[in-house]
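Let me begin by presenting the structure, written as structure tokens, before commenting on it.
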Amino acid sequence: MNPNVEQALQTTINNWNAMSASRNDEQEAVADQFQSSFYLFIDAFREWVQALDPRPQTIEELMDMEMVQDILDHLPAPLHLNFETEADLIMDNVLRVDEEKYD
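First residue of the sequence shown? That's 1 in my numbering, and the numbers climb one at a time after it.
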């Protein structure tokens, strides 16, 4: 797996686990930290996808790649849809504005 993507994925997973285990008084801060790390992971993934040569032409081709399957194997199941949505946006060359990331 690409080292930048792997590091960002691990941070996201760590923050997901921390958020899942957090108590009421710390939930908001931990959730914000997780959300930030998820989008940093997506940014690292986007850079990797854009550097591929040849680049996949469809979302199906991208999702069938070994590295993407490795990501899905490690990513908690509740995040699969979010990841797939972001991957689809990457394939469509759509870059979210920061405010849109948090809606």
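Ideal Cβ positions, reconstructed from N, Cα and C, are used throughout, including at glycine.
### Message
Going by beta-carbon coordinates alone, are residue 85 and residue 41 separated by less than 9 Å?
### Response
no
#### Entry: Which of helix, strand or coil DSSP assigns to residue 57
Residue 57 falls in the coil class under three-state DSSP.
#### Entry: Through-space distance from residue 45 to residue 51, alpha-carbon basis
10 Å
### Message
For residue 19 and residue 56, I'd like the C-alpha separation in whole angstroms.
### Response
34 Å
### Query
Rounded to a whole number of angstroms, what is the C-alpha to C-alpha distance between residue 30 and residue 69?
27 Å
### Message
Just to check my reading of the structure: residue 79 and residue 16 have Cβ atoms closer than 8 Å, yes? What is that Cβ distance to the nearest angstrom?
### Response
7 Å
#### Entry: Cβ shell of residue 88 (< 8 Å), same chain only, five flanking positions each side left out
Closer than 8 Å at the Cβ level, and outside the excluded window around residue 88, lie 59.
### Query
Per DSSP, what kind of secondary structure is residue 30 in: helix, strand or coil?
helix
### Message
DSSP three-state label for residue 82, please.
### Response
Residue 82 falls in the helix class under three-state DSSP.
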